[in-house]
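Residue numbers (our numbering), protein chains in the order written: chain Z, 1 to 152; chain H, 1001 to 1290.
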Amino acid sequence: MSVPAKEKASSFEPNIVAFVCNWCTYTGADLAGTSRLNMAPNVRIIRLPCTGRIDTLFILKAFERGADGVIVSGCHPADCHYTAGNYHARRRFAVFRELMEFMGVDPQRITFSWVSASEGGKWAEVVNSTTEKVRELGPFVSYPRVAHAQVK
Amino acid sequence: MEELRELAKKLLQEKQVNAVVGYECDRRGVRPAFVDDPAGCDRLVFDHRCVQNLPAYLSPRRTNVAGLGRLAVVVKQCDARAVAGLIRESQLKRENLVLIGVRCGGVAANPNESRELGAETLALRCYGCSGTETAMADYVVGEPKTVPAAGGDRDARLAEIEKMSPEERLALWKEWLSRCTRCHACRQVCPMCFCERCVAEKTQPNWIESSPHIQGNFSWNVTRALHLAGRCVDCGECERACPAQIPLGLLNRKLAKIMSARYGFAVTDDPSTPAPIGSYRLDDGQEFIL
Ligand code: SF4
Ligand code: SF4
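(1) Expressed to the nearest angstrom, what Euclidean distance is found between the alpha-carbon atoms of H/D1047 and H/V1107?
(2) Let me check understanding here. Comparing Cα to Cα, which of H/P1038, H/C1041, H/Q1077 lies closest to H/Q1052?
(3) Would the beta-carbon of Z/F59 be found less than 7 Å away from any heavy atom of ligand 2?
(4) For Z/K122, which option in Z/H76, Z/R92, Z/Y87 has the closest C-alpha, if you only look at C-alpha atoms?
(5) Where do the N-terminal and C-terminal ends of the beta strand (DSSP E) with H/P1032 fall, by residue?
(6) Return the residues of the region 95-127 of chain Z that lie within a Cβ-Cβ distance of less than 7 Å from chain H, sorted by chain order.
(7) Would you kindly report the start and end of the unbroken alpha helix (DSSP H) that includes H/C1186?
(8) How would you list, in chain order, the residues of chain Z whose beta-carbon sits under 8 Å from the beta-carbon of H/D1284?
(9) Where does Z/N86 land, buried or exposed, given buried means 16+ other C-beta within 10 angstroms?
(10) Which parts of the region 1021-1095 of chain H are runs of the alpha helix (DSSP H), unbroken and 4 residues or longer, counting only runs that do not cross its ends?
(11) Can you tell which of H/R1281, H/I1289, H/D1283, H/I1277 has the C-alpha that lies nearest to the C-alpha of H/R1088?
(12) Using 10 angstroms around the beta-carbon of Z/F12, count the other beta-carbons present and answer buried if the total reaches 16, otherwise exposed.
(13) Against chain Z, with Cβ distances strictly below 8 Å, would H/E1167 count as a contact?
(14) Taking the alpha-carbon positions, what's the Z/K61 to H/T1268 distance?
(15) Kindly examine ligand 2 and report whether one of its heavy atoms sits closer than 7 Å to the Cβ of H/L1228.
(16) If contacts are defined as beta-carbon pairs under 8 Å, then Z/T131 and Z/P14 qualify, I think. What distance do you get, rounded to the angstrom?
(17) Per DSSP, what kind of secondary structure is H/G1216 in: helix, strand or coil?
(18) Taking the alpha carbon of Z/V141 as the reference point, which residue from H/A1082, H/E1167, H/V1140 has its own alpha carbon closest?
(19) H/V1065 to H/A1256, Cα distance in whole Å?
(20) Whole angstroms is fine: what's the gap from H/S1260's alpha carbon to H/A1039's?
(21) Would you mind reading off the limits of the alpha helix (DSSP H) that contains H/C1238?
(22) Helix, strand or coil: which one does DSSP assign to Z/R44?
(23) Determine the DSSP secondary structure at H/L1007, reduced to helix, strand or coil.
(24) Ligand 2 and Z/T111: does the residue's C-beta get closer than 7 Å to at least one heavy atom of that ligand?
(25) Can you tell me which of H/D1284, H/K1009, H/C1050 puts its alpha carbon nearest to the alpha carbon of H/L1122?
(26) DSSP on Z/F19, reduced to helix/strand/coil?
(27) Checking contacts by CB at 8 Å: is Z/K61 closer than that to chain H?
(28) Could you check whether the Cβ of Z/A84 sits closer than 8 Å to any Cβ belonging to chain H?
(29) Tell me H/G1230's beta-bridge partners as DSSP assigns them.
(30) Quick one: grab the DSSP three-state call for Z/G33.
(31) According to the Cβ coordinates, are H/S1059 and H/Q1091 closer than 8 Å?
(32) Rank H/R1043, H/V1030, H/Q1215, H/C1198 by C-alpha distance to the C-alpha of H/E1003 and give the top, closest one.
(33) Would you check if there are 3 or more beta carbon pairs closer than 8 Å linking the region 1242-1258 of chain H to the region 1140-1158 of chain H?
(34) Check the Cβ of H/Q1215 against every Cβ in chain Z and list those closer than 8 Å, keeping chain order.
(35) Is Z/N38 buried or exposed, if buried means 16 or more other CB atoms sit within 10 Å of its CB?
(36) Who does H/I1100 pair with in a DSSP beta bridge?
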């Protein structure tokens, strides 16, 4: 491992926004916290009732406001507390992801996961792996933002 | 043409409808026409310049048109998909509408096309279409015609972009979308954009910045395209209406491709086919979810 690369990687702390559902992932994240699991401090959680409530505009807004990565997480299939919210979300995000890719936005910036209320360990993994991945990708300066357009 | 005029006259005289929505000639080609007087039916025309998607007038957002009461509308096969979409989404009742299906034979890209219809002038959406009347039609007019052979691969540009690197793609879209003036013509002309209050106009919170800079433009165009995923009827009117000449059709076409590959959906003039967004299957692909 070359030293400068390591320095560069460690000097950048990514901002990551997580949109999670109230019933599974939020409770899972809570469990991860109360279990004192080791997690990267880069993720800010926004709690919503259901993955079905997570509009793709939330993700775009997060990127506009400077997020380097986004996590979207909710109940496993068949576990949705509103019966089918996650199934609808699954379709919506599948399509969103492919459209973003077509427009040149790196889909690696967005992590989708199912994390249940009992999967504190899985949440810690999602947080840590996403943080690592986004750290490697570097700051998301290529996203169309006014601030960056003006600097140019 | 006589057949169409006679039919329109009959429908109006017998008071089956209050107005007929069709096409008429104007000094700059063909434009939509509302005829409510049997004597005015001779204005009606149908030829390869009739590109406009008339069911766009049927969305409930257009309260002035809804006020006219029962209408007859001239529809090509592709236009009928918009009627089907509006019925599918409970915006329209089939029984309140008389559909005059035309045997179309293809249209040009522009309503002011002065050349004959051929590979060069044929609209992209007609590539591969049979040009026959819709199964939804109450009346069918015109002789069967054949659609001219396509002038190449419709998706050549799409395939080219797909092959580019992500950086090149982003640069391309940034350049295109930075031209957007946020006039919302693409939305106004769309038969399926019928929300009373568009998310692009909401200011509390201001999800999509409304001034024409790249940040809001990107958000707007992604959202417009996504809200039409599995609903777009592929009439191409958004792209034709765009004063900035942004290739919006590429986004719509890409989404149609995704819908077909992932959910086996193709836009249809059958209102009973469920839309792919808003329905789901338990075994939908989730290879991208951890
Ligand atoms: S897509 Fe088909 S029905 Fe529509 S204008 Fe072209 S040939 Fe006619
Ligand atoms: S018609 Fe073109 S310029 Fe107008 S809002 Fe739509 S994309 Fe932007």
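From the three backbone atoms N, C-alpha and C, an ideal C-beta is built for every residue, glycine too.
In terms of the structure at hand:
(1) To locate residue 1047 of chain H, count along the second sequence from 1; it is residue 47. To locate residue 1107 of chain H, count along the second sequence from 1; it is residue 107. Going from the Cα of H/D1047 to the Cα of H/V1107 covers about 8 Å.
(2) The residue you call residue 1052 of chain H lines up with position 52 of the second sequence. Taking H/Q1052 as reference, the option from H/P1038, H/C1041, H/Q1077 with the minimal CA-CA separation is H/Q1077.
(3) As a working note, residue 59 of chain Z is residue 59 in the first sequence. The sequence shown places Ile at residue 59 of chain Z, not Phe. At a cut-off of 7 Å, the beta-carbon of Z/I59 does not count as near ligand 2: no heavy atom of the ligand is closer than that.
(4) For the purposes of this step, residue 122 of chain Z is identified with residue 122 of the first sequence, where counting begins at 1. Looking only at Z/H76, Z/R92, Z/Y87, the smallest Cα-Cα distance to Z/K122 is reached by Z/H76.
(5) Position 32 of the second sequence holds residue 1032 of chain H. Residue range 1029-1035 is occupied by the beta strand (DSSP E) that includes H/P1032.
(6) For chain H, the residues of the region 95-127 of chain Z that bring a beta carbon within less than 7 Å of one of its beta carbons are V95, F96, R97, E98, L99, F102, M103, G104, V105, D106, T111, F112, S113, W114, V126, in chain order.
(7) Taking the second sequence and counting its residues from 1, one reaches residue 1186 of chain H at position 186. Residues 1185-1188.
(8) Translated into positions along the second sequence, residue 1284 of chain H becomes position 284. For H/D1284, the C-beta contacts it makes with chain Z under 8 Å involve Y87, R90, R91, A94, in order along the chain.
(9) Translated into the one-based positions of the first sequence, residue 86 of chain Z becomes position 86. Buried, because 16 or more other Cβ atoms sit within 10 Å of the Cβ of Z/N86.
(10) Residue ranges of uninterrupted alpha helix (DSSP H) with 4 or more members, entirely inside the region 1021-1095 of chain H and ordered along the chain, are 1063-1066, 1077-1088.
(11) Residue 1088 of chain H sits at position 88 when you count from the first residue of the second sequence. Closest by alpha carbon: H/I1277.
(12) Within the first sequence, residue 12 of chain Z is the residue found at index 12, counting from 1. Using a 10 angstroms sphere on the CB of Z/F12, the tally of other CB atoms stays under 16, which defines it as exposed.
(13) As a first step, residue 1167 of chain H must be located in the second sequence, where it is residue number 167. Yes, H/E1167 lies at the interface with chain Z (some Cβ there is under 8 Å from its Cβ).
(14) Indexing the first sequence from 1 puts residue 61 of chain Z at position 61. Indexing the second sequence from 1 puts residue 1268 of chain H at position 268. Annotation: Z/K61 to H/T1268 spans about 34 Å, alpha carbon to alpha carbon.
(15) Looking up residue 1228 of chain H in the second sequence gives position 228. The answer is no for H/L1228.
(16) Against the first sequence, residue 131 of chain Z aligns to sequence position 131. Against the first sequence, residue 14 of chain Z aligns to sequence position 14. The pair is a contact, with the Cβ atoms about 6 Å apart (cut-off 8 Å).
(17) Taking the second sequence and counting its residues from 1, one reaches residue 1216 of chain H at position 216. H/G1216 falls in the helix class under three-state DSSP.
(18) As a first step, residue 141 of chain Z must be located in the first sequence, where it is residue number 141. Residue H/E1167 is the option with its Cα nearest to Z/V141.
(19) Stepping through the second sequence from its first residue, residue 1065 of chain H is reached at position 65. Stepping through the second sequence from its first residue, residue 1256 of chain H is reached at position 256. If you take the alpha carbons of H/V1065 and H/A1256, they lie about 30 Å apart.
(20) Within the second sequence, residue 1260 of chain H is the residue found at index 260, counting from 1. Within the second sequence, residue 1039 of chain H is the residue found at index 39, counting from 1. A direct Cα-to-Cα measurement between H/S1260 and H/A1039 gives close to 46 Å.
(21) As a first step, residue 1238 of chain H is located in the second sequence; it is residue number 238 there, counting from the start. DSSP places H/C1238 in the uninterrupted alpha helix (DSSP H) bounded by 1237-1241.
(22) Position 44 of the first sequence, counting from 1, holds the residue named residue 44 of chain Z. Per DSSP, reduced to three states, the secondary structure at Z/R44 is strand.
(23) Position 7 of the second sequence, counted from the first residue, corresponds to residue 1007 of chain H. Of the three classes helix, strand and coil, the one that applies to H/L1007 here is helix, per DSSP.
(24) Here residue 111 of chain Z corresponds to residue number 111 of the first sequence, with the count starting at 1. Checking every heavy atom of ligand 2 against the Cβ of Z/T111, none is found closer than 7 Å.
(25) Looking up residue 1122 of chain H in the second sequence gives position 122. Measuring from the Cα of H/L1122, the nearest candidate turns out to be H/C1050.
(26) Here residue 19 of chain Z corresponds to residue number 19 of the first sequence, with the count starting at 1. For Z/F19, the secondary structure class from DSSP, reduced to helix, strand or coil, is strand.
(27) In the first sequence, the residue the question calls residue 61 of chain Z occupies position 61. Interface criterion met: the Cβ of Z/K61 is under 8 Å from a Cβ in chain H.
(28) Translated into the one-based positions of the first sequence, residue 84 of chain Z becomes position 84. Flagged as an interface residue toward chain H: Z/A84, by a C-beta distance shorter than 8 Å.
(29) Indexing the second sequence from 1 puts residue 1230 of chain H at position 230. Partner(s): none; H/G1230 has no beta bridge.
(30) Within the first sequence, numbered from 1, the residue matching residue 33 of chain Z stands at position 33. Z/G33: helix per DSSP, three-state reduction.
(31) Residue mapping note: residue 1059 of chain H aligns to position 59 of the second sequence, counting from 1. Residue mapping note: residue 1091 of chain H aligns to position 91 of the second sequence, counting from 1. Note that the C-beta distance between H/S1059 and H/Q1091 is below 8 Å.
(32) To locate residue 1003 of chain H, count along the second sequence from 1; it is residue 3. Comparing C-alpha distances from H/E1003 to each of H/R1043, H/V1030, H/Q1215, H/C1198 shows the shortest one belongs to H/R1043.
(33) Short answer: they touch.
(34) Numbered from its first residue, the second sequence carries residue 1215 of chain H at position 215. In chain order: E64, P144, R145, V146, A149.
(35) Here residue 38 of chain Z refers to the residue found at position 38 of the first sequence. By the neighbour-count criterion, in which 16 or more other beta carbons inside 10 Å mark a residue as buried, Z/N38 falls on the exposed side.
(36) Stepping through the second sequence from its first residue, residue 1100 of chain H is reached at position 100. Paired residue(s): H/V1074, H/Y1139.
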